[in-house]
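For the sequence shown, the residue numbers in the working numbering are 157 to 253. Here a beta-carbon is modelled for each residue, glycine too, at the ideal position from N, C-alpha and C. Take a look at the structure below.
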Amino acid sequence: MPYVLKHTGTDQIFTCTLTNHYGLAYYGVKFWMELEEAEEQYIAFLQTYTTPETDQWQIYALEEGEMKLCNVKLKNDPHLQIFWPHTRKPDVRKLVN
């Protein structure tokens, strides 16, 4: 089961540029497959992105299909953000400058 980072105040799922197993860069949902790994790494990970309010992000479990759906909805576009409300359906929003 994938574990992602969800903002407690906004329900935003953390997204960034990642590298797939072919070595290609893509924009998507940061996830860990093991809870222990997520717990060990998420604070240091957020600090590498100089993310404000690191204490506002929590580890959140998604089903694999849900996480993949989020990546599809992002369309590899860094101008999009994904939100995961309690309805368990992704909400995609364009980044406002």
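Remark: C-beta atoms of N232 and Y182 approach each other more closely than 9 Å. The alpha carbon of L225 has as its nearest neighbour, out of T206, E192, G184, the alpha carbon of G184. When the Cα atoms are used, D167 and L180 turn out to be separated by approximately 28 Å. The beta carbon of V248 lies closer than 6 Å to those of K229, L236, I238 in the same chain, with the five residues before and after it left out.
DSSP links G179 through a beta bridge to no other residue. For the pair E209 and P246, the Cα-to-Cα distance works out to about 23 Å. Taking the Cα positions, E196 is about 31 Å away from K250. Excluding the 5 residues flanking it on each side, L174 has same chain C-beta neighbours closer than 8 Å at A181, Y182, Y183, G184, K186, in chain order.
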